[in-house]
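>
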Amino acid sequence: MDGRSFEQRLLQQRARMHVTPGQLLERVERSPYGPKSKAILRQMVAHESTGQVGFALFDCPPAIVRGQGATVWDADGKAYVDMLAGFSVSNVGHAHPAVLAAINAQAAELIHYFDLPNAPRERLAERLAAMAPGAGPKRVTFGVTGAEAVDLAIKLARWYTGAPTILSAYGGYHGVTGGTMATTAKGGMWAFFYPVGPHDAGHGKIPYSYPYRCPVGAEPEHCAEACTSYVRRMLMGKESPFGEHRGGISNVAAVLLEPMQASAGYIIPGDGYLKEMRAICDDFGFLLIDDEIQAGMGRSGRLWGCDHEGVVPDLLVVSKGLASGMPISAVIAPDEIAASWGPGAHVATFAATPVAAAAANATLDILENEGLVARAAATGAYFRERLAELQERHPILGWIDARGLFVGLEFVRDRRTKEPAADEAGWMLDHCVREGLLFEKGGYLYNRFQMIPPLTIERSEIDRAVAILDGAMTMAETRSGIARPLSVPVTAVTGGAPSPSPG
Ligand SMILES: Cc1ncc(COP(=O)(O)O)c(C=O)c1O
6 MDGRSFEQRL LQQRARMHVT PGQLLERVER SPYGPKSKAI LRQMVAHEST
56 GQVGFALFDC PPAIVRGQGA TVWDADGKAY VDMLAGFSVS NVGHAHPAVL
106 AAINAQAAEL IHYFDLPNAP RERLAERLAA MAPGAGPKRV TFGVTGAEAV
156 DLAIKLARWY TGAPTILSAY GGYHGVTGGT MATTAKGGMW AFFYPVGPHD
206 AGHGKIPYSY PYRCPVGAEP EHCAEACTSY VRRMLMGKES PFGEHRGGIS
256 NVAAVLLEPM QASAGYIIPG DGYLKEMRAI CDDFGFLLID DEIQAGMGRS
306 GRLWGCDHEG VVPDLLVVSK GLASGMPISA VIAPDEIAAS WGPGAHVATF
356 AATPVAAAAA NATLDILENE GLVARAAATG AYFRERLAEL QERHPILGWI
406 DARGLFVGLE FVRDRRTKEP AADEAGWMLD HCVREGLLFE KGGYLYNRFQ
456 MIPPLTIERS EIDRAVAILD GAMTMAETRS GIARPLSVPV TAVTGGAPSP
506 SPG
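Just so we're aligned, residue 6 is where the sequence shown starts under this note's numbering, counting upward by one.
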């Protein structure tokens, strides 16, 4: 102990987590944005809770007021190459005319009528049930947000199996509601739930393959196997809370995983991770819940992230890109599981409203008609090549995860020691935003860039982004004295090209 009382430590922790409106205002005033943006930001600081997420993602968030394709504009008319896409939402590009037309036409008929059937919603349910991987009939349960759908999947898995525990992974992100926070591995966000921990009894954590920094210490090429062996060994013995295999006791309802971890820094697990987790679920009688909220809808160059490993989950969760910005989410499950509920097991006033369902149908039409899944694979391969060129020249770029347009970049001060370049990543983000490139920074060690543009992004826009990144890396290397020549040869690119699939 360090001599502080429990209360003192808690108070100090709270003080560190708290930011005053005055401090946020200082960030607004020193930000590089123009007067109209600053006026909006001042209003935000004056009237919104200090818990709003923008100031957690950026020193000061931009005030985006318009979007077209893969470009967005802030309130002062400054244009940005959009490598955030509203967080994997605007996959078909901002202001797609077919989405606008569908929303307008449906809004003129009926915007909302509780959680009751409507024509676009039932058409969507039929389409989603047919789109999910695996043979056999499926059913859909609708929600409004991603977290709500994950809540739903957990509730359904527990109901169907009669078991309490949900295993989720370190690094996973599945929402921040009271029901999902236990599955989201962000300790800093957990702390905002004090004094009641954000979990019911039925949760456990397992390692997720992160080849560059394997959580169980394996080399990148062995990380997937090492992580899954760890899980299997833990389940085989009797000294874990998850069951007693020899005694035929299982306390686990489901394993909940992202096929590629988004919020942890856009991390692609080592080959075989998801497949082996599927095998573990089969061997131990657990359901597999696949959270495709970020990785799905074509982002990875396949329709679903799980398609890269040919894995068929039991429950598939989708939201974000489904309706191009209209709030909607869904859980797709086999008939046997989804038909085990009675009426009223779930309700949400704004679930699959006619307008949201119409926007989702239009989005699915666009994915099909414009071949956007294959386009994401092809543009993603181009982006990966351009990034690999940068990695040849920039020692600070330690690792690239890239699968379709799901891209994570990891920055290090030294490729040999992998010392994270966290401060440098912060300077580079500020530089990129000033230069007109928008994306989020994250990662376990605050040193990863997360790039998720609309799937419609043009190669010329990728080139512009690469040029800005090039300048940012040069600036950071000079400022930190990160030496050339490269200390370790470049081998570090994962998520290699899948053959494009029409999905
Ligand atoms: C993989 C994943 N699951 C769930 C969620 C939660 O979605 P929402 O913010 O709509 O509740 C997110 C949000 O970023 C996500 O990335």
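By construction, the Cβ of each residue, glycine as well, lies at the ideal position given by its N, Cα and C atoms.
In this text the structure is predicted, and so the values were computed from the model without any measurement.
Just to confirm, is the Cβ distance from Glu148 to Leu157 under 8 Å?
Position 143 of the sequence shown, counted from the start, is the residue given in the question as residue 148. Position 152 of the sequence shown, counted from the start, is the residue given in the question as residue 157. The question names Glu, but residue 148 is Gly in the sequence shown. Yes. Within cutoff.
> Report the rounded CA-to-CA distance for Pro332 versus Lys280, giving the unit in angstroms.
Taking the first residue of the sequence shown as 1, we reach residue 332 at position 327. Taking the first residue of the sequence shown as 1, we reach residue 280 at position 275. Cα to Cα, Pro332 sits roughly 31 Å from Lys280.
> Does Val33 come out as helix, strand or coil in the three-state DSSP assignment?
As a working note, residue 33 is residue 28 in the sequence shown. In the structure shown, Val33 sits in a helix (DSSP, three-state: H, G or I).
> Quick check: Val86 and Arg469, are their CB atoms within less than 8 Å of each other?
Sequence index remark: in the sequence shown, residue 86 carries index 81 (1-based). Sequence index remark: in the sequence shown, residue 469 carries index 464 (1-based). Yes, the Cβ-Cβ distance between Val86 and Arg469 is below 8 Å.
> Near Ile521, what residues of its chain come up, given a Cβ to Cβ distance below 7 Å and the 5 sequence neighbours on each side ignored?
This structure leaves residue 521 out entirely; the chain is present only between 6 and 508.
> Which first and last residues belong to the alpha helix (DSSP H) in which Arg14 is found?
Counting from one through the sequence shown, the residue named residue 14 turns up at place 9. Start and end: 11-22.
> At the level of alpha carbons, what is the spacing between Thr368 and Trp404?
Residue mapping note: residue 368 aligns to position 363 of the sequence shown, counting from 1. Residue mapping note: residue 404 aligns to position 399 of the sequence shown, counting from 1. So the alpha carbons of these two residues sit roughly 33 Å apart.
> Relative to the alpha-carbon of Asp340, which residue among Glu224, Gly139, Ala100 has its alpha-carbon at the smallest distance?
Within the sequence shown, residue 340 is the residue found at index 335, counting from 1. The candidate whose alpha carbon is nearest that of Asp340 is Gly139.
> Please output, in chain order, the residues near ligand 1 using a CB cut-off of less than 6 Å to any non-hydrogen atom of the ligand.
Qualifying residues come out as Phe92, Thr150, Gly151, Ala152, Val155, Tyr178, His179, Gly180, Glu263, Ala267, Ser268, Asp296, Ile298, Gln299, Ser324.
> If you draw a straight line from the C-alpha of Arg21 to the C-alpha of Arg9, how long is it?
As a working mapping, residue 21 is identified with position 16 in the sequence shown. As a working mapping, residue 9 is identified with position 4 in the sequence shown. For Arg21 and Arg9, the distance between alpha carbons rounds to 16 Å.
> Could you tell me if Thr496 is buried or exposed, where buried requires 16 or more neighbouring beta carbons within 10 angstroms of its beta carbon?
Counting from 1 along the sequence shown, the entry for residue 496 is found at position 491. Any answer about Thr496 is weak, because its pLDDT of 44 lies below 50 and its placement is not dependable; what the coordinates show is given next. Flag for Thr496 reads exposed.
> Excluding sequence positions up to five away, which residues of its chain have a Cβ less than 8 Å from the Cβ of Gly253?
Numbered from 1 along the sequence shown, position 248 holds the residue referred to as residue 253. So no residue of the chain qualifies.
> I need the DSSP call for Arg144, collapsed to helix, strand or coil.
In the sequence shown, counting from the first residue as 1, residue 144 sits at position 139. It is a strand residue.
> Which stretch, first to last residue, makes up the alpha helix (DSSP H) that contains Pro339?
Taking the first residue of the sequence shown as position 1, residue 339 is located at position 334. Where Pro339 is concerned, there is no enclosing alpha helix (DSSP H), although the beta strand (DSSP E) it sits in stretches over 334-339.
> With a threshold of 16 other CB atoms inside 10 Å of the CB of Tyr243, please say whether the residue is buried or exposed.
Sequence index remark: in the sequence shown, residue 243 carries index 238 (1-based). According to the sequence shown, residue 243 is Lys rather than Tyr. Exposed, since its Cβ has fewer than 16 Cβ neighbours within 10 Å.
> Tell me whether Val412 is buried or exposed, calling it buried when 16 or more other Cβ atoms sit within 10 Å of its Cβ.
In the sequence shown, residue 412 corresponds to position 407, counting from 1. Label assigned to Val412: buried.
> Quick one: what does DSSP say Pro505 is sitting in, helix, strand or coil?
Within the sequence shown, numbered from 1, the residue matching residue 505 stands at position 500. Because the pLDDT of Pro505 is 37, which lies under 50, any placement of that residue in the model is unreliable, and the number read from its coordinates should be weighed accordingly. Residue state, collapsed to three classes: coil.
> Assuming the contact rule is C-beta atoms closer than 8 Å, Val257 and Phe291 should be a hit. Round their C-beta distance to whole Å, please.
Here residue 257 refers to the residue found at position 252 of the sequence shown. Here residue 291 refers to the residue found at position 286 of the sequence shown. That belief holds up - the Cβ atoms of Val257 and Phe291 are roughly 5 Å apart, short of 8 Å.
> Which whole-angstrom value describes the C-beta separation of Ala363 and Leu460, a residue pair presumed to lie in contact below a C-beta threshold of 8 Å?
Taking the sequence shown and counting its residues from 1, one reaches residue 363 at position 358. Taking the sequence shown and counting its residues from 1, one reaches residue 460 at position 455. Between Leu460 and Ala363 the Cβ distance is about 20 Å, and since that is not below 8 Å, they are no contact.
> Quick one: grab the DSSP three-state call for Ile487.
On the sequence shown, residue 487 is found 482 positions in, with the first residue counted as 1. Three-state DSSP puts Ile487 in coil, outside helix and strand.
> Our contact map puts Gly207 next to Pro169 with C-beta atoms below 8 Å; I'd like the distance itself, whole angstroms only.
Position 202 of the sequence shown, counting from 1, holds the residue named residue 207. Position 164 of the sequence shown, counting from 1, holds the residue named residue 169. Yes, they are in contact, since the Cβ atoms of Gly207 and Pro169 sit about 4 Å apart, within 8 Å.
> Rounded to whole angstroms, how far is the Cβ of Ile298 from the Cβ of Asp406, which I believe are closer than 8 Å?
Here residue 298 corresponds to residue number 293 of the sequence shown, with the count starting at 1. Here residue 406 corresponds to residue number 401 of the sequence shown, with the count starting at 1. Not really, about 18 Å apart at Cβ, beyond 8 Å.
> Assign Ile473 to one of two classes, buried (16 or more other C-beta atoms within 10 Å of its C-beta) or exposed (fewer than that).
Position 468 of the sequence shown, counted from the first residue, corresponds to residue 473. Ile473 is buried by the Cβ-count criterion.
> Which term fits Ala216, buried or exposed, when burial requires 16 or more other beta carbons within 10 angstroms of its beta carbon?
In the sequence shown, the residue the question calls residue 216 occupies position 211. In the sequence as displayed, the identity of residue 216 is Pro instead of Ala. The residue in question, Pro216, is buried, as its Cβ has 16 or more Cβ neighbours within 10 Å.
> Contact between the segment 312-323 and the segment 129-139 is defined here as three or more beta-carbon pairs at a separation below 8 Å; is this criterion met?
The answer is yes - the segment 129-139 touches the segment 312-323, with three or more Cβ pairs under 8 Å.
> What three-state label does DSSP hand Asp287 in the structure shown?
Within the sequence shown, numbered from 1, the residue matching residue 287 stands at position 282. Note: Asp287 maps to helix in three-state DSSP.
> Leaving aside the five residues before and after Pro494 along the sequence, list all residues of the same chain whose C-beta is less than 7 Å from its C-beta, in chain order.
As a position in the sequence shown, residue 494 is number 489, starting the count at 1. At Pro494, the pLDDT of 48 sits below 50, so the modelled position is not reliable; the number obtained from the coordinates is stated separately. Excluding sequence neighbours, Pro494 sits near nothing in its chain.
> Under DSSP, the alpha helix (DSSP H) around Glu394 begins and ends at which residues?
Your numbering for residue 394 matches position 389 in the sequence shown. Glu394 -> alpha helix (DSSP H) spans 377-398.
> Please state whether DSSP places Gly8 in a helix, a strand or coil.
As a position in the sequence shown, residue 8 is number 3, starting the count at 1. DSSP places Gly8 in coil when its eight states are reduced to three.
> Where do the N-terminal and C-terminal ends of the beta strand (DSSP E) with Ser173 fall, by residue?
The residue given as residue 173 occupies position 168 in the sequence shown. 170-174 is the span of the beta strand (DSSP E), which, as asked, contains Ser173.
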